[in-house]
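Residue numbers (our numbering): 168 to 615. All residues carry an ideal CB built from backbone N, CA and C; glycine is no exception.
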Ligand code: GUN
Ligand code: ZN
């Protein structure tokens, strides 16, 4: 049993809880999904101290602990995780009409230039993080811009909120506006200084961030691989095989490489804690290489639909003979919603278009422990158990009139979860706890 702490320092919440104890894709739901219809989760010192049936846990809490009751029409989950998102693109969500490369040139590279000014970066970081909390997202793997001050602004704001965030400065030295480029040496030096300042500083983790192979010269790719190797424990993020035109362009830019993934492999950018966005057009051989190296792919369904990039095949990526680590991601601002519920909605629909199903049990695993596993963080976040970091989201199962109506015809927890991921959005997020602190509480909703 966990040590007894002062009641004043303990936050306890009660309601139905859903969590996972293993890999739902590989081990199945039966042995990994845990549903407690009436549970207490107690949190202190940033960690979960107790979790179990309410009647049992109640007797173990420090005397005088107040318990916040959420009731039977809610569900308590580990905070959602978004493993690929661009905070500077918050201001261009829903930019019309283009596919990847034109969308980058017409909208993204214009917006990102504004992040040379730190006050602008700070303002956007605040909006972004607030929206994360409103969506129940407590951890994200985040692209900043080429400007180091965009990273400082982001980490300063996430640190103030106590959130576990992974982020880094984009490196680009070609095929982008001059105002957004660095050089191999500048990118290396600035990233190194940011690693020193931010990696493992509180809950912040640094991510070496070469944007994608087309915007880095071979020299920058070389130095990026070296930088990452020099800093064990840091992350690396980039994009791969998102758009067919992009894949063809990479072939022209790197004619000696076997394929797109091999451009990163050659420059030592694959391995544990490397996360690549999209991966829609990866070949079987490339997926095998992701598996062998422990490289993760971020599945970004709303973005892939919005930019017309294609349908990532999640089931194929998780194939039992060579399962690839895959995390869930919004990829804002090409993605269209902060809501992880809406992102799961689109994950399901993309699976259907590939001829596959995705059960609600697997989907909620994917949004929490599954993405934590892709990030090698499943010992810290993504599930509810004593000792885990206390990032928790509480969903209202009847958040709108039509969901309330639909729930009258709901038979069991699987169906209730599927209704939430199909019909729910930010309105379903009743509360978000970060490191045991209530960081967001939904204002009262009025429906006539
Ligand atoms: N590839 C390179 N940069 C980007 C970006 O900002 N968004 C998306 N979706 N793909 C990219
Ligand atoms: Zn992206």
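- Proximity to ligand 2 was defined by a C-beta distance below 6 Å to any of its heavy atoms, and the residues meeting it, in sequence along the chain, are 251, 253, 406, 444 and 498.
- Close CB contacts of residue 287 within its chain, under the 7 Å cut and outside five residues either way in sequence, are with 281 (chain order).
- Here DSSP, grouped into helix, strand and coil, assigns residue 528 to helix.
- In this structure, residue 211 places its C-beta atom within 8 Å of the C-beta atom of residue 177.
- For residue 501, the shortest C-beta to heavy atom distance toward ligand 1 is below 7 Å.
- By the Cβ-count criterion, residue 367 is exposed, with fewer than 16 other Cβ atoms from all chains shown falling within 10 Å of its own Cβ.
- Secondary structure at residue 229: coil, using DSSP grouped into helix, strand and coil.
- Within the same chain, and ignoring the five residues on either side of residue 475 in sequence, the residues whose Cβ sits closer than 6 Å to its Cβ are 266.
- Within the DSSP bridge table, the entry for residue 291 names no partner.
- In this structure, residue 197 has its beta carbon at no less than 7 Å from each heavy atom of ligand 1.
- In the DSSP assignment, residue 214 falls within the unbroken beta strand (DSSP E) covering 214-220.
- Selection 583, 262, 301 and 276 evaluated against residue 609 yields 301 as nearest (Cα-Cα).
- A direct Cα-to-Cα measurement between residue 344 and residue 284 gives close to 17 Å.
- Within the model, the alpha-carbon separation for residue 571 versus residue 275 is close to 39 Å.
- The straight-line gap separating the alpha-carbon atoms of residue 303 and residue 560 is approximately 5 Å.
- For residue 457, the enclosing alpha helix (DSSP H) starts and ends at 451-460.
- Three or more beta-carbon pairs separated by less than 8 Å link the segment 495-512 to the segment 250-266, which places the two stretches in contact.
- Counting C-beta atoms within 10 angstroms of its own C-beta, residue 220 has fewer than 16 neighbours from the protein chains shown and is therefore classed as exposed.
- Contact between residue 407 and residue 431 holds: their C-beta atoms lie close to 7 Å from each other, under 8 Å.
- Linking residue 218 to residue 246 through their CA atoms gives a straight-line distance of about 15 Å.
- Rounded to whole angstroms, the separation of the alpha carbons of residue 556 and residue 603 is 8 Å.
- Taking all protein chains shown into account, residue 256 has 16 or more neighbouring C-beta atoms within 10 Å of its C-beta and is therefore buried.
- Per DSSP, reduced to three states, the secondary structure at residue 281 is helical.
- Under the three-state reduction of DSSP output, residue 316 falls in the helix class.
- Here residue 333 is buried: its Cβ has 16 or more other Cβ atoms, across all protein chains shown, within 10 Å.
- Residue nearest to residue 536 within the set 495, 553 and 509 is 495 (criterion: CA-CA distance).
- Remark: C-beta atoms of residue 339 and residue 350 do not approach each other more closely than 8 Å.
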